[in-house]
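Note that this note's numbering has the sequence shown beginning at 25, numbered continuously upward.
For every residue, glycine included, the Cβ atom is placed at its ideal position computed from N, Cα and C.
Scroll down for the structure; my scribbles are underneath it.
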Amino acid sequence: MLIYTKALLADDDSNVREIIRLFFQKNQIELLEAADGRTALQLTEAHSPNVVILDVMMPELDGFEVCREIRKFSDVPIIMLTAKDEEFDRVLGLELGADDYVTKPFSPRELVARMKAILRRSQPRESKEEDNHHILDFDGLSMDKERREVIVKGEKVAFRPKEFALLTHMAEVPGIVFTREQLLEQLWGYDFYGDIRTVDVHIKNIRERLSGLNTDAIHTVWGVGYKFEVEN
Numbered sequence: 025m026l027i028y029t030k031a032l033l034a035d036d037d038s039n040v041r042e043i044i045r046l047f048f049q050k051n052q053i054e055l056l057e058a059a060d061g062r063t064a065l066q067l068t069e070a071h072s073p074n075v076v077i078l079d080v081m082m083p084e085l086d087g088f089e090v091c092r093e094i095r096k097f098s099d100v101p102i103i104m105l106t107a108k109d110e111e112f113d114r115v116l117g118l119e120l121g122a123d124d125y126v127t128k129p130f131s132p133r134e135l136v137a138r139m140k141a142i143l144r145r146s147q148p149r150e151s152k153e154e155d156n157h158h159i160l161d162f163d164g165l166s167m168d169k170e171r172r173e174v175i176v177k178g179e180k181v182a183f184r185p186k187e188f189a190l191l192t193h194m195a196e197v198p199g200i201v202f203t204r205e206q207l208l209e210q211l212w213g214y215d216f217y218g219d220i221r222t223v224d225v226h227i228k229n230i231r232e233r234l235s236g237l238n239t240d241a242i243h244t245v246w247g248v249g250y251k252f253e254v255e256n
């Protein structure tokens with residue numbers, strides 16, 4: 025059984041939409057369709073789909089613009105469709121908040137596999153034992169894992185779910201160095217299809233959100249990976 029019920033597909037190519045629609049129907053996935061970016065944005069706000077699939081090149085608003093606007097009000101998983109297998113497209117999409125990308129041409133089966141993987145990762149993991157230490161407190165920085173809040177110098181700072189998970193995962197073991205591969209495995213899972221630079225993009229976003237600390241909390245260990253370290 026699939027772990028989601030509703031998907032939004034935004035693509036101005038009617039043939040692509042038809043192929044995906046037929047495959048989704050066979051797999052009992054409800055599909056909302058948009059032929060342009062503005063309609064995609066309106067449908068996302070109105071219907072709250074479980075996953076959004078955005079073609080990069082669309083009229084009205086392109087996929088990047090739609091992704092940027094969606095991230096202002098929703099953390100819904102977003103997959104970008106691109107006809108170009110270029111690093112710029114991939115990194116820009118991730119920086120704007122996309123969770124994964126699929127390069128055209130692709131099979132509907134691959135798209136569904138990506139959707140399953142993203143939505144599986146987005147489900148909260150149940151703890152095997154009660155965690156009585158849900159507050160991580162450092163000089164000028166506090167993280168409440170239960171409320172999913174980050175306080176920087178007394179001010180609450182909004183974090184996207186994956187950024188919060190990455191920050192707290194590292195903050196729980198200050199000084200420990202994580203490779204990019206370890207972080208992908210531990211936070212994105214074995215079934216992650218995306219680029220290893222996904223970690224770099226999320227680290228960059230975290231650093232920007234923690235800029236009020238006036239010191240680096242996430243340190244780059246050249247040739248290895250990253251570590252969290254803030255002096256108390």
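Rounded C-alpha distance that separates residue i from residue j
{"i": "residue 67", "j": "residue 45", "result": "16 Å"}
{"i": "residue 91", "j": "residue 107", "result": "17 Å"}
{"i": "residue 47", "j": "residue 230", "result": "38 Å"}
{"i": "residue 254", "j": "residue 198", "result": "8 Å"}
{"i": "residue 130", "j": "residue 39", "result": "13 Å"}
{"i": "residue 183", "j": "residue 36", "result": "32 Å"}
{"i": "residue 174", "j": "residue 29", "result": "31 Å"}
{"i": "residue 163", "j": "residue 134", "result": "45 Å"}
{"i": "residue 138", "j": "residue 211", "result": "16 Å"}
{"i": "residue 172", "j": "residue 232", "result": "18 Å"}
{"i": "residue 150", "j": "residue 73", "result": "The predicted model places residue 150 with a pLDDT of 44, which falls under 50 and marks its position as unreliable, so this point remains unresolved."}
{"i": "residue 167", "j": "residue 196", "result": "10 Å"}
{"i": "residue 155", "j": "residue 170", "result": "Low local confidence applies: a pLDDT of 46 at residue 155 is under 50, so the model's placement there is unreliable, and no value is given."}
Supposed contact pair residue j and residue i - C-beta distance, whole angstroms, cut 8 Å
{"i": "residue 62", "j": "residue 85", "result": "5 Å"}
CA nearest to the CA of residue i, picked from the options
{"i": "residue 10", "options": "181, 251, 220", "result": "In the structure as shown, the chain begins at 25 and stops at 256. Residue 10 is therefore absent and cannot be evaluated."}
{"i": "residue 224", "options": "202, 239, 176", "result": "202"}
{"i": "residue 101", "options": "115, 78, 82", "result": "78"}
{"i": "residue 239", "options": "165, 80, 205", "result": "165"}
{"i": "residue 192", "options": "104, 207, 136", "result": "207"}
{"i": "residue 76", "options": "56, 237, 82", "result": "56"}
{"i": "residue 271", "options": "42, 93, 54, 53", "result": "The shown model of the chain, from 25 to 256, leaves out residue 271, and the question about it has no answer."}
Residues bridged to residue i (per DSSP)
{"i": "residue 166", "result": "161, 175"}
{"i": "residue 126", "result": "105"}
{"i": "residue 249", "result": "203, 245"}
{"i": "residue 181", "result": "174"}
- Message: Ignoring anything shorter than 4 residues, give me the alpha helix (DSSP H) runs that lie fully in the stretch 183–243, in order along the chain.
- Response: Complete alpha helix (DSSP H) runs here, min 4: 185–195, 204–207, 221–233.
- Item | beta strand (DSSP E) runs contained entirely in the stretch 25–88, provided each spans 3 or more residues | Fully enclosed beta strand (DSSP E) runs of no fewer than 3 residues occupy 30–34, 54–58, 75–79 of the stretch 25–88, in order along the chain.
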